[in-house]
Every structure is written in structure tokens, then in C-alpha cells.
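Under my numbering, read the sequence shown as residues 18 to 447, first letter to last.
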Amino acid sequence: MTGKIVSHYRILEKLGGGGMGVVYKAEDTKLGRFVALKFLPNVGAIHESPLQDPAALERFKREARAASALNHPNICTIHDIDEVEGQPFIVMELLEGQTLRERLAVGARGARPSLEGERRSPLPVDALLDLAMQIANGLDAAHSKGIHESPLQEMPTATIEPEYLTSPGTAMGTIAYMSPEQALARQLDARSDLFSFGVVLYEMATGQAAFSGDSSAAIFDSILHKTPVSPLRLNPELPAELERIINKALEKDREVRYQHASDLRADLKRLQRDTTSGRAAAVEAPGTTRPAEAAPATGPKPHGRRTWLAAVLAIAALAGAALAFRYLRPGPRLAGLPLKIVPFTSSAGRKGFPAFSPDGNEVAYSWTGEKNNNGNIYVKLVGAGVPLRLTTDPGDDFSPSWSPDGRFIAFVRLSKAGDAYYIVPALGGP
Numbered sequence: 018m019t020g021k022i023v024s025h026y027r028i029l030e031k032l033g034g035g036g037m038g039v040v041y042k043a044e045d046t047k048l049g050r051f052v053a054l055k056f057l058p059n060v061g062a063i064h065e066s067p068l069q070d071p072a073a074l075e076r077f078k079r080e081a082r083a084a085s086a087l088n089h090p091n092i093c094t095i096h097d098i099d100e101v102e103g104q105p106f107i108v109m110e111l112l113e114g115q116t117l118r119e120r121l122a123v124g125a126r127g128a129r130p131s132l133e134g135e136r137r138s139p140l141p142v143d144a145l146l147d148l149a150m151q152i153a154n155g156l157d158a159a160h161s162k163g164i165h166e167s168p169l170q171e172m173p174t175a176t177i178e179p180e181y182l183t184s185p186g187t188a189m190g191t192i193a194y195m196s197p198e199q200a201l202a203r204q205l206d207a208r209s210d211l212f213s214f215g216v217v218l219y220e221m222a223t224g225q226a227a228f229s230g231d232s233s234a235a236i237f238d239s240i241l242h243k244t245p246v247s248p249l250r251l252n253p254e255l256p257a258e259l260e261r262i263i264n265k266a267l268e269k270d271r272e273v274r275y276q277h278a279s280d281l282r283a284d285l286k287r288l289q290r291d292t293t294s295g296r297a298a299a300v301e302a303p304g305t306t307r308p309a310e311a312a313p314a315t316g317p318k319p320h321g322r323r324t325w326l327a328a329v330l331a332i333a334a335l336a337g338a339a340l341a342f343r344y345l346r347p348g349p350r351l352a353g354l355p356l357k358i359v360p361f362t363s364s365a366g367r368k369g370f371p372a373f374s375p376d377g378n379e380v381a382y383s384w385t386g387e388k389n390n391n392g393n394i395y396v397k398l399v400g401a402g403v404p405l406r407l408t409t410d411p412g413d414d415f416s417p418s419w420s421p422d423g424r425f426i427a428f429v430r431l432s433k434a435g436d437a438y439y440i441v442p443a444l445g446g447p
């Protein structure tokens with residue numbers, strides 16, 4: 018693509034890529050400025066690609082228009098959405114600087130390897146709070162416009178962190194930022210973003226991922242059922258109040274989680290004030306042994322509103338999870354990270370909409386059969402077994418979603434009679 022002219026943009030270099038597409042640095046030949054072009058993926062799986070579904074593509078464009086109306090110093094600006102040879106792409110503000118991932122890697126000598134195999138270290142508390150305030154401001158602005166966890170991943174982003182793929186359709190990095198309700202394929206809202214923000218806060222505070230595992234199923238289980246290691250245990254220099262804020266953001270029940278980004282921002286602002294004045298260190302967490310006094314941590318301050326791209330990168334993790342898990346495809350293998358990629362199914366025909374069971378042992382999906390007829394719902398054990406066919410209707414069945422207890426699967430059926438939702442026992446039968 019380098020050197021190619023797309024519309025009136027000259028592509029200069031590739032900035033990054035993953036399951037959500039590829040980002041290029043380009044020159045706007047009309048206005049003489051540099052921009053970022055994000056090309057969306059052409060997946061080709063049944064019902065999944067926005068390029069194949071006119072309604073999904075139209076919804077994407079509609080949300081792009083809504084996102085382009087956002088004007089905030091902590092949110093990347095969307096300039097345009099265009100299409101060339103049937104391939105949609107987004108024109109975004111080009112932000113150059115240090116990514117959050119790179120910032121966490123600075124001074125990481127002796128740090129334990131993170132989920133992606135990199136060595137990370139926590140951010141200094143003052144730098145962390147400064148970045149966190151920027152992210153909270155950006156989230157509050159987006160939520161005020163009704164934009165949260167939308168299929169429009171590019172809404173607030175210019176830089177997409179590389180996804181680390183271990184199997185077709187899976188991105189370890191993206192899954193690790195999902196909220197419990199997203200892992201269960203439930204309705205999302207602004208509180209889902211705040212959980213993902215909590216995951217980012219945890220990583221900035223400890224240098225480690227809040228939820229990890231050797232497989233996507235293990236990460237799902239961690240998100241749904243496990244409590245992360247205490248941030249204070251991993252980083253004793255943290256104020257106890259910051260651990261309370263992180264823990265509240267990571268509540269698995271969204272009803273007891275932070276309800277609004279403005280509430281979380283207020284707590285961060287209060288902590289920032291107290292930390293600056295030296296009062297935060299006096300508040301101790303129960304059962305925590307800490308020095309009697311601790312001087313405020315010092316570290317590099319962001320220079321200007323865009324230096325670290327703080328809100329850009331964090332919100333990329335937040336909003337990215339929604340559509341990324343559906344559209345991701347294998348990427349290049351990373352040095353130092355042993356991967357084994359194996360196909361989940363090998364039969365002919367189109368397959369799509371994979372959904373893990375709550376225990377992570379089975380996957381429900383839509384399959385047209387080897388003759389590429391209408392889609393039906395199937396269930397298959399992970400790593401073994403013959404798929405069990407659950408539906409036989411001449412309509413088109415897709416988008417399976419498990420009940421929390423794993424006993425039933427809900428799905429959508431498109432038929433001549435119209436669209437409708439159905440429920441079928443996960444083990445088959447009436």
C-alpha cells in the first residue's frame with residue numbers, strides 16, 4: 018500500500034494493524050497535512066463483515082458521523098469516512114508520540130512479563146493520575162454524546178494497539194479489556210466502558226494485566242469469576258485510595274460499579290489533589306503494611322494534550338473490544354511469544370459468530386453446512402468432538418448467545434416471516 022494514492026490521500030507508511038484492520042500514515046494532497054487512514058477488515062464470514070451487511074455498514078457510517086461531532090482535547094478527531102473499491106476507511110487525526118504500551122515498558126527492568134510477553138513497570142503515581150484524568154475526561158465527553166462500547170471502534174482512536182492473536186478469531190489483548198457483561202454477550206452501556214477503564218488503570222498502576230490466561234476461555238473465566246491481585250500488593254507505593262477506585266471500577270456487578278465517568282473522574286481529581294498535598298499516603302487500606310509517610314512519586318509529565326496519546330490508547334482498549342472480538346483474524350507471530358494456531362473446525366461452508374459457553378468448554382456458532390445453505394446453530398467442544406446441530410429451520414440462524422447458566426442458547430433467525438429471537442436448549446432437544 019505504501020506509495021498508493023487512495024482518493025486524495027497518498028499512503029506513506031504502515032503504522033500498525035490487527036484484527037480491526039490496518040492503520041497507515043498518509044498525506045492529504047488537497048490540504049497538505051498528514052492524517053491516519055484506518056482500513057476496515059473484509060472478513061467474509063457469515064453475516065459478520067460490515068462490507069457484506071449493508072445495514073451494518075450504514076450503522077457504522079451513522080455512528081462515524083456521531084463520533085465526528087465530538088470535539089475534545091482527549092479524543093482523537095475523525096475527519097472523514099470514505100470508501101474505495103468497496104473498502105471503507107476512516108480518515109483520522111494523526112497523533113504522534115509515545116504509546117501507553119511504550120510508556121509502561123520504560124524502566125521495566127526486573128518487571129514480570131505481562132500478558133503479551135513484554136516487561137512492564139508501573140507508572141509514577143502523579144503521571145498515572147494525570148493520564149487517568151485525561152481518559153476520564155474523554156470518556157465523559159463521549160458518554161455525554163451517547164457513544165459507548167459501540168461497534169465503531171475508531172470513534173475515539175487514532176492508534177490501535179497490536180492485538181496478540183493465539184487462535185483464529187481471538188485477540189488476547191482485546192479480550193483482556195472486556196467487561197463481564199460483554200464477555201456474556203449482554204447489552205452494554207457506559208458502565209461497561211468504566212470497567213475497561215478500570216482494567217487500564219490497573220495495568221498503569223501495577224504494570225500487569227488485571228485478567229490473564231493461556232487462552233481466551235481462561236481470560237473469560239478470569240473476567241467473570243476471579244478477583245485481580247491487590248494493586249497494593251503488586252505496587253506498595255500506591256495510595257490506598259487509588260486501589261479503592263480501581264476495585265470499584267472493576268466490580269463485576271455493574272450496579273455497584275461506577276455509574277458515570279464523571280463520578281470516577283471526581284474521585285481521581287480528589288486523589289490527585291490529596292496526593293499533591295501529601296495527604297493520600299495517610300489513608301491506609303485494611304491489612305496493608307506501608308511506611309508512615311511517602312513522598313509523592315515523581316516522573317515525567319505529559320507535554321501538551323497529545324504527547325502520550327493517553328486517552329486515545331486507553332479508549333482504544335475500551336471501545337475496541339466490542340467489535341474486535343467478532344472481526345479479529347490471525348496476525349503475524351510475535352518474536353518471543355510461542356503461539357500454536359489450530360483450526361476450531363475444518364469442514365467446508367461458511368462459519369461465524371463464535372460464542373464461548375460460560376465455562377469456556379464449548380463454542381456455539383453459525384454454520385451454513387458444507388453446501389453453503391442457510392445458517393444453523395451448532396455447538397462443539399473446544400479441542401475435540403463432533404459439532405451438535407441445534408437448529409434445522411429453513412431460515413437463517415446466527416448470533417448465538419449463551420445463558421449465564423449455560424443451559425440455553427439464544428439466537429437470531431431471519432426468515433420470510435420476518436426476523437425473530439429464539440431460544441434452544443444447549444444440549445439439543447425440545
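Even glycine gets a Cβ: it sits at the ideal position worked out from N, Cα and C.
#1: Return yes when the Cβ of Leu285 is within less than 8 angstroms of the Cβ of Ile262, no when it is not.
#2: Return the chain-ordered list of same chain residues with a C-beta closer than 8 angstroms to the C-beta of Leu241, the five sequence neighbours on each side being excluded.
#3: Could you check if Thr408 is buried or exposed, using at least 16 other CB atoms within 10 Å of its CB as the buried criterion?
#4: When DSSP builds the beta bridges, which residues end up paired with Tyr439?
#5: So, is Ala283 buried or exposed, given that buried needs 16 or more other C-beta atoms within 10 angstroms?
#6: Would you mind giving the Cβ-Cβ distance between Met221 and Pro90, rounded to the nearest angstrom? I have them listed as a contact below 8 angstroms.
#7: Measuring only the C-alpha atoms, how far is Thr46 from Val399?
#8: Assess, as a yes-or-no matter, whether the segment 20 to 31 is touched by the segment 97 to 113 under the definition of 3 or more beta carbon pairs within less than 8 angstroms.
#9: Looking at Gly230 and Ala266, is the spacing between their C-beta atoms short of 8 angstroms?
#10: For Val380, report the span of its beta strand (DSSP E) as first-last.
#11: Can you check whether the CB of Phe425 is closer than 8 angstroms to the CB of Asp414?
#12: Roughly how many whole angstroms lie between the Cα atoms of Gln276 and Phe228?
#13: Quick check on Ile440: buried or exposed, where buried means 16 or more other Cβ atoms within 10 Å of its Cβ?
#14: What residues match up with Gln104 in a beta bridge as DSSP calls it?
#15: Report the rounded CA-to-CA distance for Ala86 versus Tyr41, giving the unit in angstroms.
#16: Please state whether DSSP places Leu48 in a helix, a strand or coil.
#17: Answer yes or no: do His96 and Val52 have a C-beta to C-beta separation smaller than 8 angstroms?
#18: Does the Cβ of Tyr438 have 16 or more other Cβ atoms within 10 Å, making it buried, or fewer, making it exposed?
#19: What's the C-alpha gap between Glu387 and Pro141?
#20: Secondary structure at Asp413, three-state DSSP: helix, strand or coil?
#21: Determine the DSSP secondary structure at Gly33, reduced to helix, strand or coil.
#22: Using 8 angstroms as the threshold, is the C-beta distance between Leu251 and Thr223 below it?
#23: Leu288: beta carbon under 7 angstroms from a heavy atom of the ligand NAP?
#24: I'd like the list of long-range same chain contacts for Gly304, defined as Cβ closer than 8 angstroms, with 5 residues on each side in sequence excluded.
#25: Provide the residue span of the beta strand (DSSP E) that contains Tyr395, from first to last.
#26: Leaving out five residues on either side along the sequence, give the residues of the same chain with a beta carbon under 7 angstroms from the beta carbon of Leu146.
#27: Is DSSP giving Leu444 helix, strand or coil here?
#28: For Ala278, I'd like the list of residues in its chain whose CB is within less than 6 angstroms of its CB, leaving aside the five on either flank, ordered along the chain.
#29: Identify whether Arg271 lies in helix, strand or coil by the three-state DSSP scheme.
#30: Please name the residue in Cys93, Leu111, Ile92 and Asn88 whose C-alpha comes closest to that of Ala43.
#31: Out of Ala84, Val396, Arg430 and Gly435, which one is the CA nearest neighbour of Pro442?
#32: Let me check understanding here. Comparing Cα to Cα, which of Leu444, Pro404 and Pro411 lies closest to Gly423?
#33: Give me the Cα-Cα distance between Val273 and Met150, rounded to the nearest whole angstrom.
#34: Starting from Lys433, follow the beta strand (DSSP E) in both directions and report where the run begins and ends.
This is what the structure gives:
#1: Sequence index remark: in the sequence shown, residue 262 carries index 245 (1-based). Sequence index remark: in the sequence shown, residue 285 carries index 268 (1-based). Result yes, Cβ atoms of Ile262 and Leu285 sit closer than 8 angstroms.
#2: As a position in the sequence shown, residue 241 is number 224, starting the count at 1. Correct list, in chain order: Pro197, Ala200, Leu201, Lys269 and Pro375.
#3: Here the question's residue 408 lines up with position 391 in the sequence shown. Looking at its Cβ environment, which holds 16 or more other Cβ atoms inside 10 Å, Thr408 is buried.
#4: Within the sequence shown, residue 439 is the residue found at index 422, counting from 1. Its beta-bridge partners are Phe428.
#5: On the sequence shown, residue 283 is found 266 positions in, with the first residue counted as 1. Ala283 is exposed by the Cβ-count criterion.
#6: Taking the first residue of the sequence shown as 1, we reach residue 221 at position 204. Taking the first residue of the sequence shown as 1, we reach residue 90 at position 73. Between Pro90 and Met221 the Cβ distance is about 20 angstroms, and since that is not below 8 angstroms, they are no contact.
#7: Here the question's residue 46 lines up with position 29 in the sequence shown. Here the question's residue 399 lines up with position 382 in the sequence shown. Roughly 50 angstroms between the two C-alpha positions.
#8: yes
#9: Looking up residue 266 in the sequence shown gives position 249. Looking up residue 230 in the sequence shown gives position 213. Taking 8 angstroms as the Cβ cut-off, Ala266 and Gly230 do not qualify as a contacting pair.
#10: The residue labelled residue 380 in the question sits at position 363 within the sequence shown. It spans Glu379 to Trp384 - the beta strand (DSSP E) in which Val380 sits, taken as one unbroken run.
#11: Here residue 414 refers to the residue found at position 397 when the sequence shown is read from its first residue. Here residue 425 refers to the residue found at position 408 when the sequence shown is read from its first residue. Contact: no.
#12: Start at 1 with the first residue of the sequence shown, and residue 276 comes out as number 259. Start at 1 with the first residue of the sequence shown, and residue 228 comes out as number 211. Straight-line Cα distance between these residues: approximately 22 angstroms.
#13: To locate residue 440, count along the sequence shown from 1; it is residue 423. With fewer than 16 Cβ atoms within 10 Å of its Cβ, Ile440 is classed as exposed.
#14: As a first step, residue 104 is located in the sequence shown; it is residue number 87 there, counting from the start. Partner(s): Val101.
#15: Taking the first residue of the sequence shown as position 1, residue 86 is located at position 69. Taking the first residue of the sequence shown as position 1, residue 41 is located at position 24. Cα-Cα distance, rounded: 23 angstroms.
#16: Locating residue 48 in the sequence shown gives position 31, where the first residue counts as 1. Correct three-state label for Leu48: coil.
#17: Residue 96 sits at position 79 when you count from the first residue of the sequence shown. Residue 52 sits at position 35 when you count from the first residue of the sequence shown. Cβ atoms of His96 and Val52: closer than 8 angstroms.
#18: Against the sequence shown, residue 438 aligns to sequence position 421. Counting Cβ neighbours within 10 Å, Tyr438 comes out exposed, since fewer than 16 surround it.
#19: One-based indexing of the sequence shown puts residue 387 at position 370. One-based indexing of the sequence shown puts residue 141 at position 124. Spanning the two alpha carbons is a distance of roughly 56 angstroms.
#20: Along the sequence shown, read from residue 1 onward, the residue named residue 413 stands at position 396. Strand, per DSSP.
#21: Here residue 33 is taken as the residue at index 16 of the sequence shown, counted from 1. Strand at Gly33.
#22: Within the sequence shown, numbered from 1, the residue matching residue 251 stands at position 234. Within the sequence shown, numbered from 1, the residue matching residue 223 stands at position 206. Taking 8 angstroms as the Cβ cut-off, Leu251 and Thr223 qualify as a contacting pair.
#23: Among the ligands in the structure shown, none appear at all, so the ligand NAP cannot be discussed.
#24: In the sequence shown, residue 304 corresponds to position 287, counting from 1. Because Gly304 carries a pLDDT of 46, less than 50, the predicted location of this residue cannot be relied on, and the following value inherits that uncertainty. None.
#25: The count along the sequence shown starts at 1 and reaches residue 395 at position 378. First-last of the beta strand (DSSP E) with Tyr395: Asn393 to Leu398.
#26: For the purposes of this step, residue 146 is taken as residue 129 along the sequence shown, with counting starting at 1. Excluding positions up to five away in sequence, the list reads Leu285, Leu288, Gln289 and Thr292.
#27: Start at 1 with the first residue of the sequence shown, and residue 444 comes out as number 427. Three-state DSSP puts Leu444 in coil, outside helix and strand.
#28: Translated into positions along the sequence shown, residue 278 becomes position 261. Around Ala278: Ala153, Leu156, Asp157 and His160.
#29: Counting from one through the sequence shown, the residue named residue 271 turns up at place 254. Here DSSP, grouped into helix, strand and coil, assigns Arg271 to coil.
#30: In the sequence shown, residue 43 corresponds to position 26, counting from 1. Nearest neighbour of Ala43 by Cα position, chosen from Cys93, Leu111, Ile92 and Asn88, turns out to be Leu111.
#31: Position 425 of the sequence shown, counting from 1, holds the residue named residue 442. Taking only the C-alpha atoms, the option nearest Pro442 is Val396.
#32: The residue labelled residue 423 in the question sits at position 406 within the sequence shown. The shortest C-alpha separation from Gly423 is found at Leu444.
#33: Residue 273 sits at position 256 when you count from the first residue of the sequence shown. Residue 150 sits at position 133 when you count from the first residue of the sequence shown. Going from the Cα of Val273 to the Cα of Met150 covers about 21 angstroms.
#34: The residue you call residue 433 lines up with position 416 of the sequence shown. Careful: Lys433 lies outside any beta strand (DSSP E) and carries neither H nor E.
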